[in-house]
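Number of protein chains: 2
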Amino acid sequence: MRHRLKDVAERAGVSVKTVSNVVNGYPHVRPDTRAKVEEAIAALEYRPNLSARNLRRGRTGIIALAVPEIGLPYFAELARHVVDAAAEHDWTVLIDQTNGSAEQERMVALGIRDHLIDGIIFSPLALTAADLATGSERAPMVLLGERVHHGPADHVAIDNVAAARDMTAHLIALGRRRIAAIGAQHTAEGVTARLRLAGYTAALTAAGLPVDETLIVPASAWHRTDGAAGMRALLATGTRPDAVFCFNDTLALGALRALHEAGLRVPDDVAVAGFDGIEDGRFSVPTLTTIAPDKERLAQVAVELLAARLADPDGAPPQERLVDYELRRGESA
Amino acid sequence: MRHRLKDVAERAGVSVKTVSNVVNGYPHVRPDTRAKVEEAIAALEYRPNLSARNLRRGRTGIIALAVPEIGLPYFAELARHVVDAAAEHDWTVLIDQTNGSAEQERMVALGIRDHLIDGIIFSPLALTAADLATGSERAPMVLLGERVHHGPADHVAIDNVAAARDMTAHLIALGRRRIAAIGAQHTAEGVTARLRLAGYTAALTAAGLPVDETLIVPASAWHRTDGAAGMRALLATGTRPDAVFCFNDTLALGALRALHEAGLRVPDDVAVAGFDGIEDGRFSVPTLTTIAPDKERLAQVAVELLAARLADPDGAPPQERLVDYELRRGESA
DNA sequence: AACGTTGAATACAACGTTGTAAAGAGCTGG
DNA sequence: CCAGCTCTTTACAACGTTGTATTCAACGTT
């Protein structure tokens with residue numbers, strides 16, 4: 018049987034509360050008492066029962082990170098940084114996979130698991146502000162990545178429109194004129210896609226270039242395979258673009274693959290740009306030109322916001338924070 | 018304020034226990050009573066306090082998955098499958114990052130966080146069987162990936178030696194004779210590395226080929242950057258190999274990159290093989306020939322073993338289970 | 001009509017912890 | 001030597017849930 022405070026107390030010859038005081042670092046404990054208690058703790062290998070502690074304290078020390086898919090490099094890298102940032106607060110991170118389904122995201126937003134978590138960092142794919150309308154009492158939430166306009170929760174993101182505009186402008190500056198985009202989503206859900214598309218068209222328009230609908234390729238998901246399929250579709254039309262802006266890096270890696278199979282050279286024949294700054298892009302052949310958000314900072318800010326909200330639930334009105342990004346040049350564009 | 022069983026009970030005009038019975042699906046509840054209670058639950062948006070439930074039941078419904086780094090594709094993909102498999106048991110997965118440090122792994126093994134988790138699936142990098150010696154009472158543990166010889170816990174893995182032998186034999190069958198290996202680790206910790214190296218040398222010996230120490234390149238970590246560095250080091254010696262067996266896929270991707278930078282063609286000049294079957298390898302240029310363990314099955318078996326151990330802690334003696342792998346041919350070898 | 005049997009609902013205690021309030025111990029200064 | 005401190009330790013209750021034992025009602029059987 019596992020040991021409890023009571024067992025430690027009996028062995029040390031003190032009260033249960035004194036042991037609790039030692040465990041929690043309460044200052045007014047005589048050194049010799051403390052020593053006795055610590056001896057007993059060590060001898061019995063006592064470890065607090067967190068369920069009981071949580072029940073009593075009303076906090077669990079666990080925060081959730083909800084992402085579409087933990088297997089995707091971007092989210093995996095993000096998760097790593099969130100785990101690191103949360104460790105600073107002695108928080109444990111529980112990872113929730115929503116698979117990008119509105120259904121599962123709604124469950125997360127509704128706090129199906131609240132009472133188990135103190136707060137949640139949520140990277141929604143499909144949900145809109147309306148879905149997020151806070152019910153009466155819910156664990157504090159920080160939204161990542163999307164600009165859910167004036168949603169009811171704190172929010173951290175990069176400026177997707179500006180970043181997409183920058184990247185497109187970069188391609189234009191390289192002398193490219195027929196610039197395709199892969200990853201458009203015309204559904205209500207594709208918030209990110211819409212923002213990046215907006216930046217793309219803005220840059221084209223600013224440069225006096227036409228927005229050619231046939232160069233805008235939709236992708237329901239943003240996996241490598243979708244990027245490859247999109248690129249193949251584009252090439253199949255016969256009108257070859259001289260550059261492709263993919264709305265994330267995995268799409269871009271898929272596109273690189275399809276271009277390679279088609280016998281086209283990157284960037285000579287077609288320049289390729291991505292978005293997300295994942296590690297893979299630094300080692301692909303060719304290396305990827307991409308928008309690299311400061312993921313570490315993103316995670317830090319998210320955790321900070323959550324901490325503030327936890328300390329004072331009704332403190333400030335919902336915050337909107339922007340995090341820097343960098344246009345990282347690789348060989349692909 | 019959040020609602021409790023008591024609030025629901027008052028609203029429905031029944032006892033607290035009756036509400037609890039409804040919540041838990043206890044069969045002997047009259048339909049009209051059940052209806053009243055369910056109405057109250059819905060109206061108050063009642064959700065059970067899991068801390069209290071856990072305290073009472075002695076279970077938390079949470080299992081931990083401890084991996085070196087969640088940002089690495091292999092572990093990210095594995096995590097995805099574990100989360101899916103755990104969902105079948107209504108378990109939530111908490112991901113622990115050990116960063117491959119023996120220190121942090123020991124903490125996990127010692128169950129620093131037990132009492133919060135019902136069990137743990139552990140993919141150790143640095144720990145040996147000795148470190149894992151179970152203390153008196155600890156959450157059930159399933160080991161992943163390494164053959165910690167007759168450790169005290171259940172264990173799932175693929176046959177690393179056989180897989181490495183197969184891959185090396187494959188390279189030999191392609192007509193390669195100077196086959197390098199990247200990823201060797203001569204420290205006590207590198208169990209996996211040692212097994213894969215054993216398979217490699219076994220295949221060479223079986224084919225009557227010499228084991229050339231200068232072709233065996235160590236790598237302290239197995240990231241892309243280490244693979245690139247290893248490959249460069251290999252090329253710098255002046256004696257070019259005609260094939261490279263990298264002990265995991267990220268090393269291989271790094272090696273591909275370094276070969277590309279050196280102006281060498283893959284597989285014409287140098288064949289490259291990896292290990293792990295990560296998604297990236299299907300889209301790299303060239304695509305990667307690799308050992309692809311059945312990760313989904315691996316996760317399923319691990320979860321099953323944990324479930325069995327949880328149901329009956331002292332049931333069977335520690336199990337050793339092997340999971341199939343596949344030599345997946347890509348363009349690189 | 002008394003009986004056991006089954007079904008439905010309840011009261012109570014317990015899970016292990018910590019906050020509160022209060023008691024005990026040891027000290028200082030008058 | 002006692003009043004009035006401060007420091008240390010304690011008893012008790014409470015967090016919200018569920019298992020056990022119990023009560024109460026309704027039913028069919030003899």
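Those protein sequences? They're chains A and B, same order as listed.
If you want our numbering, it's the position in the first sequence, counting the first as 1, plus 17.
If you want our numbering, it's the position in the second sequence, counting the first as 1, plus 17.
The beta-carbon is built from N, C-alpha and C at its ideal position, and this holds for glycine as well.
Keep in mind that this is a model prediction, so the values were computed, not measured.
Within chain A, no C-beta atom comes less than 7 Å from the C-beta of Gly200/B; the nearest is roughly 16 Å away. Counting along the chain, Thr109/A sits inside the beta strand (DSSP E) bounded by residues 109-114.
Pairing Gly192/B with Thr185/B, the inter-Cα distance amounts to about 11 Å. Rounded to the nearest angstrom, the gap between the Cα atoms of Val46/B and Leu22/B is 16 Å. Its chain contains Ile80, Ala81, Ala156, Pro157, Met158, Val159, Leu323, Arg326, Leu327 as the residues whose beta carbon lies nearer than 8 Å to that of Gly136/A, once the 5 sequence neighbours on both sides are disregarded; these appear in chain order.
Apart from the 5 residues on each side of it in sequence, Ala102/A sits with its Cβ closer than 6 Å to the Cβ of Ala316, Gln317, Val320 in its chain, given in chain order.
Of all residues in the region 178-189 of chain A, none is placed with a Cβ closer than 8 Å to any Cβ belonging to chain B. Pairing Pro90/B with Ile308/B gives a Cβ-Cβ distance that is not under 7 Å. Around the C-beta of Glu122/A, 16 or more other C-beta atoms lie within 10 Å, and the residue is accordingly described as buried.
Interface residue (Cβ-Cβ distance to chain B less than 7 Å): Gly347/A is not classified as such.
Within chain B, no C-beta atom comes nearer than 9 Å to that of Ile138/A; the closest sits roughly 14 Å away.
Taking the C-beta atoms as reference points, Ala350/B is found nearer than 7 Å to Val289/B. If only uninterrupted beta strand (DSSP E) runs of at least 3 residues are considered, none is enclosed by the region 33-78 of chain B. The beta carbons of Ile112/A and Val110/B sit about 7 Å from each other, so the pair counts as a contact at 8 Å. Counting every other CB atom within 10 Å of its CB across the protein chains shown gives Pro334/B a total below 16, marking it as exposed. In the displayed model, Ile87/B falls within coil according to three-state DSSP, outside both helix and strand. Rounded to the nearest whole angstrom, the C-alpha separation of His277/B and Asp329/A is 54 Å. As for any alpha helix (DSSP H) of minimum length 4 sitting wholly inside the region 242-294 of chain A, the runs are 266-278, ordered along the chain. Against chain B, a Cβ distance below 7 Å from Leu133/A picks out Leu67. For Leu305/B, the closest C-alpha among the options Arg345/B, Pro44/B, His132/B is that of Arg345/B. In terms of beta-carbon proximity, Asp297/B lines the interface with chain A, with at least one pair separated by less than 7 Å. Interface flag for Arg241/B against chain A is set, since a Cβ pair is found closer than 7 Å. The Cβ atoms of Ala93/B and Ile87/A sit closer than 7 Å to each other.
Closest option to Leu251/B, judged by alpha-carbon separation, among Val178/B, Asp341/B, Ala96/B, Ile196/B: Ile196/B. Residues of the region 92-111 of chain A with a C-beta less than 9 Å from any C-beta of chain B: Phe92, Ala93, Glu94, Leu95, Ala96, Arg97, His98, Val100, Asp101, Ala104, Thr109, Val110, Leu111, listed in chain order. Residues of chain A whose Cβ lies closer than 8 Å to the Cβ of Val302/B are, in chain order, Leu273, Arg274, His277, Ser301, Val302. Closer than 8 Å at the C-beta level to chain A, one finds these residues of the region 57-88 of chain B: Glu62, Arg64, Pro65, Asn66, Leu67, Ser68, Ala69, Asn71, Leu72, Thr77, Ile79, Glu86, Ile87, Gly88.
Contacts between Ala245/A and chain B, judged by CB atoms closer than 8 Å, involve Phe300 in chain order. Interface annotation, Gln114/B: in contact with chain A, CB-CB separation under 7 Å. Per DSSP, Asp183/A lies in no beta strand (DSSP E); the unbroken alpha helix (DSSP H) holding it starts and ends at 177-190.
Taking 7 Å as the cut-off, the Cβ atoms of Asp311/A and Asp341/A count as close.
One alpha carbon belongs to Asp171/A, the other to Ser140/A, and they sit about 12 Å apart. Around the beta carbon of Asp285/A, a 10 Å sphere encloses fewer than 16 other beta carbons of the protein chains shown; the residue is thus reported as exposed. Between Asn71/A and Ser68/B a beta carbon distance of about 4 Å is seen, short of the 8 Å cut, so the two are scored as contacting. Under DSSP, Thr306/B shares a beta bridge with Ala290/B. Per DSSP, Leu323/A is one residue of the alpha helix (DSSP H) stretching across 312-328.
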